[in-house]
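Residue numbers (this note's numbering): 1363 to 1687.
Cβ atoms here follow ideal geometry from the backbone N, Cα and C, with glycine treated the same way.
For clarity, every value in this text was computed on a predicted model and none was experimentally measured.
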Ligand SMILES: NC(=O)c1ccc[n+]([C@@H]2O[C@H](COP(=O)([O-])OP(=O)(O)OC[C@H]3O[C@@H](n4cnc5c(N)ncnc54)[C@H](O)[C@@H]3O)[C@@H](O)[C@H]2O)c1
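So, in structure tokens, the structure goes:
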């Protein structure tokens, strides 16, 4: 299948592109390189540098490349930043998504996968969190994904668009060739590994008085290759109808457990210091991915924390400055 991947120079996008190409799909990447890296784009993919704010650029790409499906990763992605700059998220993220969808439907593209988020579940009633959990976005970022999910629902009903919303919990790990390189970095595993590389003095633990076994927050880390495989399965299933899945590992790991595993994997002591809680951090966030396992046979290959950290460490060791080299 010919697939347009927006944000395909970013972390999850570039690894999904790699997996699509390995699966025999043809890929065109559209990315403005705001966070992405040209070097992260698989050489077998076509690359178009451009911004989703530019409707004419999207139309030109659709006309030139004629994709059959779209996977939409490109977005502002930071919960904390969205609390400071709500219009970037409630404005740009939604307008950019609409530009893409208007162009897609005008060019006859009726298959669409959205990167959605666990930030839809700020106040869960049940743990692990399944798809029937009530939606309470935790930030303008989460709200922007919620609104895009609703737009897709209506485009399915009115225009026959077939979509999948994939709500990732914490994407993590790396493939042999591609890994996580954000500036600023906001995710725990790369931050911990930066300490092991001597690029940071220590790692902050935001609160150790939560009602969890060791007092630190518990999160669900899902390997980025397993996430990429979920996109491929969802893409193949769109002919049977639209769908929404929560994507996690099903097991939670605490911040302290992640740090301890990183110490074992890297052989570095990784000093940690406990600081104040961050406002709005729930104690535990763990996904139920039973629905995608049942319906599409998705089965994570890297479910244990050690293999997730190990893969990230191998990539960071080979690329201590990320893609900058
Ligand atoms: N990383 C996670 O744990 C996580 C969790 C839940 C959801 N998500 C979602 O997954 C998607 C990918 O996340 P990521 O961590 O790979 O982020 P990323 O920042 O590495 O990738 C996003 C890519 O989109 C590009 N981009 C941003 N705005 C653009 C625009 N206007 N036009 C063209 N390109 C643009 C960036 O340059 C970047 O390459 C995002 O939509 C994010 O909200 C990520």
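{"Check": "Beta-carbon spacing of residue 1670, residue 1506 below 7 Å", "Outcome": "no"}
{"Check": "Neighbour-count burial assignment, residue 1662, 16 or more Cβ in a 10 Å radius", "Outcome": "buried"}
{"Check": "heavy atom of ligand 1 below 6 Å from residue 1465 C-beta", "Outcome": "no"}
{"Check": "Residue nearest to residue 1404 in terms of C-alpha spacing, selected from 1421, 1384, 1413 and 1419", "Outcome": "1384"}
{"Check": "Span of the alpha helix (DSSP H) around residue 1574", "Outcome": "From DSSP, residue 1574 is part of no alpha helix (DSSP H); its letter is neither H nor E."}
{"Check": "Nonlocal neighbours in the same chain, by C-beta distance under 7 Å from residue 1558, ignoring five residues either side", "Outcome": "1624, 1628, 1630 and 1632"}
{"Check": "Segments assigned beta strand (DSSP E), at least 3 residues, entirely inside the segment 1383-1460", "Outcome": "1388-1393, 1408-1411 and 1431-1434"}
{"Check": "Buried versus exposed call for residue 1602 [16 or more other C-beta atoms within 10 Å across all chains shown]", "Outcome": "exposed"}
{"Check": "For residue 1592, the nearest candidate out of 1676, 1529 and 1390 (CA to CA)", "Outcome": "1529"}
{"Check": "Close-in-space but distant-in-sequence residues of the same chain around residue 1414 (CB under 7 Å, 5 per side omitted)", "Outcome": "1368, 1420, 1436, 1458, 1461 and 1462"}
{"Check": "Test item: CB-CB of residue 1391 and residue 1407 under 7 Å", "Outcome": "yes"}
{"Check": "Enclosing beta strand (DSSP E) for residue 1639 [first to last residue]", "Outcome": "Element bounds for residue 1639: n/a, residue is neither H nor E."}
{"Check": "Inter-stretch contact (C-beta, 8 Å, three-pair minimum) for the segment 1579-1586 and the segment 1611-1624", "Outcome": "yes"}
{"Check": "Which of helix, strand or coil DSSP assigns to residue 1550", "Outcome": "helix"}
{"Check": "Identified DSSP bridge partners for residue 1525", "Outcome": "1474"}
{"Check": "Distance between residue 1527 and residue 1606 (C-alpha atoms, nearest Å)", "Outcome": "5 Å"}
{"Check": "Bridge partner(s) assigned by DSSP for residue 1611", "Outcome": "Answer is none; residue 1611 lacks a bridge partner."}
{"Check": "Under 7 Å between C-beta atoms of residue 1525 and residue 1604", "Outcome": "yes"}
{"Check": "Cβ-heavy atom distance, residue 1670 to ligand 1, below 6 Å", "Outcome": "no"}
{"Check": "Residue 1589 - DSSP class collapsed to helix/strand/coil", "Outcome": "helix"}
{"Check": "Near ligand 1: residue 1621 beta-carbon under 6 Å from a heavy atom", "Outcome": "no"}
{"Check": "Cβ neighbours of residue 1562 in the same chain (closer than 8 Å, five flanking residues each side left out)", "Outcome": "1553 and 1556"}
{"Check": "Helix, strand or coil at residue 1503 [DSSP, three-state]", "Outcome": "helix"}
{"Check": "Cβ-heavy atom distance, residue 1520 to ligand 1, below 6 Å", "Outcome": "no"}
{"Check": "Residue 1496 in three-state terms, based on DSSP", "Outcome": "coil"}
{"Check": "Among 1431, 1439, 1666 and 1434, nearest to residue 1547 - alpha-carbon criterion", "Outcome": "1439"}
{"Check": "Check whether residue 1685 and residue 1585 have beta carbons under 7 Å apart", "Outcome": "no"}
{"Check": "Check: residue 1533 C-beta below 6 Å from any heavy atom of ligand 1", "Outcome": "yes"}
{"Check": "Near ligand 1: residue 1384 beta-carbon under 6 Å from a heavy atom", "Outcome": "no"}
{"Check": "Of the listed residues 1682, 1503 and 1512, nearest to residue 1451 (C-alpha basis)", "Outcome": "1503"}
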